[in-house]
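Note that the sequence shown ends on residue 168 in full-length UniProt numbering; no numbers are left out.
For each residue, glycine too, the CB sits at the ideal point set by N, CA and C.
Right, one structure below, let's go through it.
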Amino acid sequence: MSELTYLAGYPESILSQVEQLLAQQKLTAYLQNKYPKVHEYSTEKRLYDYVVGLQRQYLKKSAPLSKVCFDGSLQLVHRALGLHTYASRVQGNKLKAKHEIRIGKVFQRAPLEMLRMIVVHELAHLKEKDHNKSFYQLCCHMEPNYHQLELDTRLYLTHLERIGPLYA
């Protein structure tokens, strides 16, 4: 079985199903049937509005976001789908935090469900810094289908790596 980079840590049963989809050339059909179109948040302004809308809906008391953007260097540098960063600065006698969310540029042309999964994941880091039980409970609160979407997003990345772009 060849290495499935984005599916490391998944059970052998899932990995063999993915290998079978690849061998039978059915991964494209699976993804296109389940996710027929790309999202409409391709500009950074629209992405920011989308992310802040989800933040207001689910995390009303969380820190404001200073920046939300697509970042072309994420995949290469961090091997990450998205990244939540914060920097603390002293202003007078107060400590101010600046929060940013960066999403891999490969998701600029991806299904909305996958973008939402990544945004939910990064927003959850505003409340929970570590990937613990509370973190994943918060993710599932914001997106009940979180775990399936995470798997499908990894399948999408596998498709990009092995076959190429899903959408023209």
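Roughly how many whole angstroms lie between the Cα atoms of Lys96 and Pro64? 11 Å
Arg56 to His125 span [Cα, whole Å]: 15 Å
Can you tell me which of the three DSSP states His99 falls into? strand
When the distance is taken between beta carbons, is Glu128 closer than 8 Å to Leu138? yes
Taking the alpha carbon of Phe107 as the reference point, which residue from Asp130, Pro144, Cys69 has its own alpha carbon closest? Cys69
Candidates Leu47, Ser13, Gln32, Ser134: which alpha carbon is nearest Tyr167's? Gln32
Quick one: what's Phe107 bridged to in DSSP? Looking at the DSSP assignment, Phe107 forms no beta bridge with any residue, so it has no partner.
Unbroken stretches of the beta strand (DSSP E), 3 residues or longer, contained in the segment 32-75: For secondary structure counted as the beta strand (DSSP E) over 3 or more consecutive residues, the segment 32-75 holds these complete runs in sequence order: 65-71.
Determine the direct distance from the alpha carbon of Met114 to that of Glu150, and round the result to whole angstroms. Near 7 Å, if we compare the C-alpha coordinates of Met114 and Glu150.
Which one or two residues does DSSP pair with Lys133 in a beta bridge? Paired residue(s): none; Lys133 is not in a bridge.
Between Glu40 and Asp71, what straight-line distance do the alpha-carbon atoms span, to the nearest angstrom? 17 Å
Would you mind working out which of Arg116, Pro144, Leu54, Leu7 sits nearest Val38, comparing C-alpha positions? Arg116
Would you please state the rounded distance, in angstroms, between the beta carbons of Ser66 and Glu44? I believe it to be under 8 Å. Rounded, the Cβ-Cβ distance is 13 Å, inconsistent with contact.
Quick one: what does DSSP say Lys94 is sitting in, helix, strand or coil? Here Lys94 sits in strand by DSSP.
Quick check: what's the CA-CA separation for Leu160 versus Lys98? 33 Å
Leu160 (DSSP reduced to helix, strand or coil): helix
Do you know whose CA, among Asn93, Val119, Lys94, lies nearest Asp49's CA? Val119
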